[in-house]
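What follows is a single structure, written as structure tokens, with notes after it.
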């Protein structure tokens with residue numbers, strides 16, 4: 015979705031982010047981040063001390079107090095800038111989405127059928143339940159379900175993809191989104207949302223992040239950071255009376271100043287992660303939308319990083335979704351044309367992709383066309399989940415097509431029996447991974463129509479990648495065991511569940527969750543909605559039904575089930591980024607001990623000179639160098655917080671060792687070089 019692919023430091027974002035950094039100096043805003051609130055209070059305190067020093071009442075030189083105050087304010091502003099930049103990217107994405115909404119008029123039908131009289135109304139007057147007709151080159155005025163017709167729809171305004179898609183009634187591809195455009199034909203839509211509550215409106219509200227709630231892990235980390243800050247605050251506070259006492263007892267030196275104590279506190283508390291924590295969360299949501307996935311909460315993004323079981327619906331997820339009739343396989347003694355003729359008659363009113371493909375295959379193979387249904391007095395029998403059959407009655411001649419078990423039951427009730435070779439035909443088709451559809455004319459079984467499922471390209475390789483990430487893949491399908499086994503083998507899933515009902519899917523998810531595992535699921539149909547609602551991470555396809563989209567806590571705008579791999583990577587990336595920067599923030603305090611502690615007490619205890627391993631020029635330059643480094647490191651880490659730590663599909667233990675080495679050891683070593691370099695610059699330019 016190129017319109018969401020914002021550069022990290024795009025010029026249009028920098029100005030507003032800088033302005034927002036100053037607006038966030040409001041104490042009510044600062045109080046939301048306890049760690050940075052301590053820095054904020056410290057900035058105010060050192061500013062007051064600097065003003066007192068200018069007036070001749072300071073504990074230290076005015077230049078030193080002023081420099082510390084300036085860099086503490088920079089520390090607060092840099093933290094504000096990181097959060098504002100992350101929020102700015104989300105707001106820019108929301109503005110892009112909002113631009114797709116315009117003043118649209120709708121043809122509201124007086125009756126819910128094509129051809130009925132209609133009234134032209136503004137789209138914002140439509141209500142849930144209204145029925146509209148949309149024709150070629152018209153904009154879809156509301157979110158809804160197609161209840162009649164089929165059309166090609168341009169969804170690029172929502173998904174960023176230029177290829178049109180088919181939206182039709184009676185299947186799992188019946189959902190349409192307001193703001194998209196019908197390119198050909200017509201569709202009748204029943205609106206499923208009131209104005210202001212459309213899918214696009216909810217997307218805009220979510221990506222703006224104005225009401226972003228902290229995730230459980232983020233709350234736990236915040237509590238830890240507050241605890242560390244309080245401990246270090248109390249420890250630092252005790253240094254003032256200790257300094258006064260030790261100076262008096264030793265008879266030399268001078269007590270440590272309040273400015274130095276504030277500098278020490280700010281350098282030792284976890285300001286780095288405190289400054290970037292909110293930005294990491296906002297950026298995670300932003301990166302998710304950059305992958306064309308709308309997450310309803312940061313909790314969903316975070317949970318995606320922890321999942322270890324992935325349930326996938328077969329049809330439309332692992333396979334292309336629309337099974338196609340590929341061959342007619344008659345039983346012994348039946349002509350293939352007779353089978354094709356009966357199958358086509360039973361499918362003439364079947365508007366599903368499978369039914370239409372049977373009609374097309376019979377036309378192509380045997381030139382069967384131009385049926386006069388009124389002359390035949392045809393009464394069509396629609397498919398139902400209870401009978402698992404459909405067909406037509408022609409003047410007392412019942413033709414049925416459906417699952418083998420249902421056809422066997424149906425003809426058995428009428429005194430018929432299955433031919434001896436039918437079971438072999440059904441098993442042969444199933445072993446190929448196709449779906450056998452048995453056709454009967456009265457009590458005479460004519461043969462099998464093979465409906466072929468096509469496994470999506472590259473799916474096997476993506477599942478292998480998930481396996482390397484420690485995620486178990488489970489395919490769930492309503493197909494028979496042989497069909498399920500063949501598709502599972504071709505796709506490369508770890509396990510499969512055949513003949514699954516919505517209740518089976520729900521029970522399976524609950525079973526995994528009872529074992530302490532986090533479960534993710536993708537789905538696009540109404541029958542997937544209960545399981546999506548139960549799953550920890552539920553990615554609904556945008557092409558699917560409204561019920562599925564409402565049940566999920568994420569919506570994939572591209573309707574690509576393999577996108578879940580990117581979802582997992584973004585979730586893991588957010589967790590890794592947070593962990594890496596927390597590790598770095600705590601680890602880099604070590605160098606600051608060696609910089610500030612000797613500087614504070616060196617005049618009283620000359621022996622502490624041995625701890626000045628960086629050989630810093632003076633006590634003032636040592637303290638100021640640590641404060642400057644503490645501020646600047648936030649700036650250097652903003653790109654990492656927004657882009658995230660690079661994710662590689664490795665085992666958790668390997669990733670932990672790698673990150674500890676890079677951000678743990680790096681967090682210890684880097685400040686030694688950084689503080690020393692800043693000290694050399696300050697002394698070289700005679701700034702202290």
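In our numbering, the protein residues as written are 15 to 702. Note that the Cβ used here is the ideal one computed from N, Cα and C, for glycine as well. Only a predicted model underlies this, so the values are computations on that prediction, with no experimental measurement involved.
Query: Can you list, in chain order, the residues of its chain whose CB lies under 7 Å from that of residue 334, leaving out five sequence neighbours each side?; Result: 468 and 470
Query: State the start and end residues of the unbroken beta strand (DSSP E) segment that holds residue 159.; Result: 158-168
Query: Report yes or no: do three or more beta-carbon pairs, one from the stretch 63-80 and one from the stretch 285-298, lie closer than 8 Å?; Result: no
Query: Cβ of residue 540 within 8 Å of Cβ of residue 562?; Result: yes
Query: Locate the beta strand (DSSP E) running through residue 703, then write down its first and last residues.; Result: Here the chain comprises residues numbered 15 to 702, so residue 703 is not present and cannot be evaluated.
Query: To the nearest angstrom, report how far apart residue 494 and residue 512 are at their CA atoms.; Result: 6 Å
Query: Measuring straight from C-alpha to C-alpha, what distance separates residue 536 and residue 556?; Result: 11 Å
Query: Whose C-alpha, out of 136, 279, 358 and 323, is nearest the C-alpha of residue 209?; Result: 136
Query: Which one or two residues does DSSP pair with residue 394 in a beta bridge?; Result: 406
Query: Taking DSSP as the reference, what is the three-state secondary structure of residue 224?; Result: Confidence is the limiting factor: at residue 224 the pLDDT is only 42, short of 50, which leaves the residue's position unreliable, though a coordinate-based value still follows. DSSP places residue 224 in coil when its eight states are reduced to three.
Query: Going straight from the alpha carbon of residue 373 to that of residue 546, what length do you get?; Result: 34 Å
Query: Hey, could you find the ends of the alpha helix (DSSP H) residue 579 is sitting in?; Result: 577-601
Query: Just curious, the alpha helix (DSSP H) that residue 54 is in, first and last residue?; Result: 48-68
Query: Give the range of the beta strand (DSSP E) segment to which residue 553 is assigned.; Result: 551-555
Query: Here's the rule I'm using: 16 or more other beta-carbon atoms within 10 Å means buried, otherwise exposed. How should residue 488 be labelled?; Result: buried
Query: With a threshold of 7 Å on Cβ separation, who are the neighbours of residue 85 within its own chain once the five nearest residues in sequence on each side are excluded?; Result: 641, 642 and 645
Query: Where does residue 301 land, buried or exposed, given buried means 16+ other C-beta within 10 angstroms?; Result: buried
Query: When DSSP labels each residue in this structure, what does residue 153 get in the three-state scheme?; Result: strand
Query: Go ahead and label residue 225 buried or exposed: buried means 16 or more other beta carbons lie within 10 angstroms of its beta carbon, across all protein chains shown.; Result: At residue 225, the pLDDT of 47 sits below 50, so the modelled position is not reliable; the number obtained from the coordinates is stated separately. Its Cβ having fewer than 16 others within 10 Å, residue 225 is exposed.
Query: Would DSSP call residue 125 helix, strand or coil?; Result: coil
Query: Based on Cα-Cα distance, which residue from 648, 631 and 332 lies nearest to residue 281?; Result: 648
Query: CB-CB under 7 Å to residue 96, same chain, minus the five flanking residues each way: which ones, in chain order?; Result: 289, 290, 293, 648, 652 and 655
Query: Comparing C-alpha positions only, which one of 129, 247 and 70 sits nearest to residue 56?; Result: 247
Query: What residue from 329, 553 and 614 has the CA that sits closest to residue 501's CA?; Result: 329
Query: Just reading off the beta strand (DSSP E) that residue 489 is part of, what are its end residues?; Result: 486-490
Query: Starting from residue 248, follow its DSSP beta bridges and name the residues at the other end.; Result: None, per the DSSP bridge assignment.
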